[in-house]
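> Once you know that position 26 of the sequence shown is 16 in my numbering, the rest is easy, because the numbers rise by one and skip nothing.
Before I ask anything, let me first share the structure, which is written out below as structure tokens.
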Amino acid sequence: MPDSAVTVKDLTRRFGSFTAVDRVSFEVSRGEIFGFLGPNGAGKSTTIRMLCGIIEPSGGSGTVARLDIRTQSEQIKERIGYMSQKFSLYEDLTVIENIAFYAGIYGVSPERYPERKEWILRMANLEARQDSLTGELSTGWKQRLALGCAVVHEPEILFLDEPTAGVDPVSRRSFWELIYEVAGQGVTVFVTTHYMDEAEHCDRLALIYRGRLIALGSSARLKADYASGLLLEVAAEPVMEAMDALLAATGVRDVAVFGKNLHVVIPEESGAENRIRRILESARISISRVEPIVPSLEDVFVALVEEADRRAEG
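Here it is as structure tokens:
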């Protein structure tokens, strides 16, 4: 597609006998915020490292900024910004010295640098901290600076690999405001995460599990596809016995544990809630509540993961 910032076809990466990424295919449109969602160890970082030209694929193909990831990896690095899970900042340099260093690495011209420096300081709200040693900054401020350094050269595409891992919720929310500001400049953003609330901020999502893509689409589309029935939240004790009783019942499509409760998917029909109550009562389960709820992205992800596990076991 002419408007694709990233195109991947059957991308694969093996480490010995272990397949970390297994024939993954997707496209990212120019200008969108694309989320790559999955648990730790799912293959997110391996995929992003292949796209950034850091490691070579074992199979498949792909392009980034219309450049081939196999043969043009060095050119790709000039067109992208990359922020890894671990901040690549120099802690013994000041904020402004880090910005200047990365501007030099990325080849920002002396004429362009002052404007880029001021934009980064303003965007990240670091004007008052520009002379502070980076090592003295909190994790949230380091995160802001790392983002600024990743876009100092005005890349076409920004890759963010678990950028908010280990950061408090308030800082995570502030960081996403910065992502929106960067995207507002026309930059395509490719972000990996395992936080469901962050995934909701993305235009589209790819869900990866055990190296395989298990779903692709907008959050709203994924929820709509999931909601081909009625989702009930069930508060009952003992919870695992309640889960076993429901899984054994005819017509119950799915049951998953969420906190202290169960989320149950059944066909949407008259008297569905009473039917669940009867199933549990017959198993002598204590019931506190049975009520319909709107499916969350976490519901979708858990259901897709359980389905993938069932297919693998079958």
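No residue lacks a Cβ here, since even glycine has one placed at the ideal position from N, Cα and C.
1. Taking the beta strand (DSSP E) that A189 belongs to, which residues open and close that run?
2. Mind checking which residues open and close the beta strand (DSSP E) that includes I147?
3. At a threshold of 8 Å, does T37 count as lining the ligand ATP (C-beta to nearest heavy atom)?
4. Determine the extent of the beta strand (DSSP E) in which D299 is found, giving its start and end residues.
5. Take the Cβ of G50 as the centre, count every other Cβ of all protein chains shown within 10 Å, and call the residue buried at 16 or more, exposed below.
6. Tell me whether the beta-carbon of T182 lies closer than 9 Å to the beta-carbon of D158.
7. Using the Cβ count rule (16 or more neighbours within 10 Å means buried), how would you classify E188?
8. Please report the straight-line C-alpha distance between L135 and Y80, rounded to a whole angstrom.
9. DSSP three-state call for N115: helix, strand or coil?
10. Beta-carbon of E259 versus every beta-carbon of chain C: anything under 9 Å?
11. Given a cut-off of 9 Å on the beta-carbon distance, is the pair A(-5) and I147 in contact?
12. Taking buried to mean at least 16 other C-beta atoms within 10 Å of its own C-beta, is T61 buried or exposed?
13. Give the secondary structure of R60 by DSSP, where H, G and I count as helix, E and B as strand, and everything else as coil.
14. Assign K76 to one of three DSSP states: helix, strand, or coil.
15. May I ask which residues mark the beginning and end of the beta strand (DSSP E) holding L123?
16. Report all residues from its chain with a CB closer than 7 Å to the CB of S63; omit the five preceding and five following residues, and keep chain order.
17. Cutting at 6 Å between CB atoms, please list the residues of its own chain near A273, excluding the five before and the five after it.
18. Are V172 and V142 touching if we call contact CB-CB under 9 Å?
19. Under 8 Å by Cβ, that's how I've got V11 and L1 pegged, so tell me the actual separation to the nearest angstrom.
20. Return the Cβ separation of H253 and D215 in integer angstroms, given the expectation that the two are a contact with Cβ distance under 8 Å.
21. What do you get for S209, buried or exposed, if any count of 16 or more other CB atoms within 10 angstroms of its CB means buried?
22. Could you compute how far the alpha carbon of P282 sits from the alpha carbon of P228?
23. Does the distance from the CB of L270 to the CB of A302 come in under 9 Å?
On the basis of the supplied data:
1. Counting from one through the sequence shown, the residue named residue 189 turns up at place 199. Premise fails: A189 lies in the alpha helix (DSSP H), M186 to A189, not in any beta strand (DSSP E).
2. Within the sequence shown, residue 147 is the residue found at index 157, counting from 1. Residues I147 to D151.
3. In the structure shown, the ligand ATP is absent, as is every other ligand, since no ligand is present at all.
4. As a working mapping, residue 299 is identified with position 309 in the sequence shown. Unbroken run through D299 is the alpha helix (DSSP H), L287 to E303; no beta strand (DSSP E).
5. Residue numbering aside, residue 50 sits at position 60 when the sequence shown is read from its first letter. Buried is the call here.
6. Position 192 of the sequence shown, counted from the start, is the residue given in the question as residue 182. Position 168 of the sequence shown, counted from the start, is the residue given in the question as residue 158. No, Cβ-Cβ distance for T182 and D158 is not below 9 Å.
7. As a first step, residue 188 is located in the sequence shown; it is residue number 198 there, counting from the start. Answer is buried; the Cβ neighbour count reaches 16.
8. Start at 1 with the first residue of the sequence shown, and residue 135 comes out as number 145. Start at 1 with the first residue of the sequence shown, and residue 80 comes out as number 90. Those two C-alpha atoms are separated by around 11 Å.
9. As a working mapping, residue 115 is identified with position 125 in the sequence shown. Secondary structure of N115 (DSSP, three-state): coil.
10. Protein chain content of the structure displayed is limited to a single chain, and chain C is not contained in it.
11. Working through the sequence shown from its first residue, we reach residue -5 at position 5. Working through the sequence shown from its first residue, we reach residue 147 at position 157. Between A(-5) and I147, the C-beta gap is smaller than 9 Å, which places the two residues in contact.
12. Translated into positions along the sequence shown, residue 61 becomes position 71. Around the beta carbon of T61, a 10 Å sphere encloses fewer than 16 other beta carbons of the protein chains shown; the residue is thus reported as exposed.
13. Indexing the sequence shown from 1 puts residue 60 at position 70. In the structure shown, R60 sits in coil (DSSP, three-state: anything other than H, G, I, E or B).
14. Here residue 76 refers to the residue found at position 86 when the sequence shown is read from its first residue. Of the three classes helix, strand and coil, the one that applies to K76 here is coil, per DSSP.
15. In the sequence shown, residue 123 corresponds to position 133, counting from 1. That residue, L123, is in no beta strand (DSSP E); it is neither H nor E in DSSP.
16. Taking the sequence shown and counting its residues from 1, one reaches residue 63 at position 73. Correct list, in chain order: G43.
17. Mapped onto the sequence shown, residue 273 falls at position 283. A235.
18. The count along the sequence shown starts at 1 and reaches residue 172 at position 182. The count along the sequence shown starts at 1 and reaches residue 142 at position 152. Not a contact, by the Cβ cut-off of 9 Å.
19. Here residue 11 corresponds to residue number 21 of the sequence shown, with the count starting at 1. Here residue 1 corresponds to residue number 11 of the sequence shown, with the count starting at 1. Sure, about 6 Å apart at Cβ, within 8 Å.
20. As a working mapping, residue 253 is identified with position 263 in the sequence shown. As a working mapping, residue 215 is identified with position 225 in the sequence shown. 16 Å between Cβ atoms; not a contact.
21. By 1-based counting over the sequence shown, the position of residue 209 is 219. Around the beta carbon of S209, 16 or more other beta carbons sit within 10 angstroms, so the residue counts as buried.
22. For this step, residue 282 is matched to residue 292 along the sequence shown. For this step, residue 228 is matched to residue 238 along the sequence shown. Cα to Cα, P282 sits roughly 20 Å from P228.
23. Working through the sequence shown from its first residue, we reach residue 270 at position 280. Working through the sequence shown from its first residue, we reach residue 302 at position 312. Using a Cβ distance threshold of 9 Å, L270 and A302 do not count as a contacting pair.
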